[in-house]
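*Asks:* Numbering follows our numbering, in which position 62 of the sequence shown is assigned residue number 47; successive positions increment by one, without gaps.
The beta-carbon is built from N, C-alpha and C at its ideal position, and this holds for glycine as well.
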Amino acid sequence: HYCPWFGNCVGYSNHKYFFLFVLYSMISSGVADYHFIHALYHGGLSFMQTVMLCQGEGLSSLISGFLAPFCAFHCWLISKNMTTLECCEQWSKGTSWVSPYDQGMLL
């Protein structure tokens, strides 16, 4: 399917790169969020710097808040060896999908 955030179609051949993009985006947003909060906590900044840091922290928190469940969902999909399209097809049918090749977490 086409992903507007990735700017490309996500399929079998590039699902790894899509997942890594989401994972690294979530990590970098979390790191930025930490540093914004750290800078605001220690203070000593002018009013304008504080306002800009608050805006950056709010935006970073918003992005992290959207990316964390999205990344968790894709981790779950990878653990089930499914794509988003397969998951949506099975949910629309109301059935649970079990891969014939799934041997569980431990052999």
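Could you spell out where the alpha helix (DSSP H) holding V16 opens and where it closes?
*Replies:* Per DSSP, V16 belongs to the alpha helix (DSSP H) from H0 to H27.
*Asks:* Go through its chain and collect everything with a Cβ distance to L41's Cβ below 8 Å, but skip five positions before and after it.
*Replies:* The sequence shown places Gly at residue 41, rather than the Leu named in the question. Only A17 and F21 meet the Cβ criterion.
*Asks:* Less than 7 Å between C-beta atoms, sequence neighbours within five positions excluded: which residues of the same chain meet that for S(-2)?
*Replies:* For S(-2), where only same-chain residues beyond five positions count, there are no Cβ hits under 7 Å.
*Asks:* Please determine, among P(-11), T68 and A53, the residue with the shortest C-alpha to C-alpha distance to K1.
*Replies:* Of P(-11), T68 and A53, the residue nearest in Cα terms is T68.
*Asks:* Within 8 Å, do at least three Cβ pairs link the region 23 to 39 to the region 53 to 73?
*Replies:* No contact exists between the region 53 to 73 and the region 23 to 39.
*Asks:* Would you mind sorting M37 into buried or exposed? The rule is 16 or more other CB atoms within 10 Å of its CB.
*Replies:* With fewer than 16 Cβ atoms within 10 Å of its Cβ, M37 is classed as exposed.
*Asks:* Let me confirm a value: S45 is counted as buried when at least 16 other C-beta atoms fall within 10 Å, else exposed. Which label applies?
*Replies:* Buried, since its Cβ has 16 or more Cβ neighbours within 10 Å.
*Asks:* By how many angstroms is the C-alpha of C(-6) removed from the C-alpha of I48?
*Replies:* Distance between the alpha carbons of I48 and C(-6): 22 Å.
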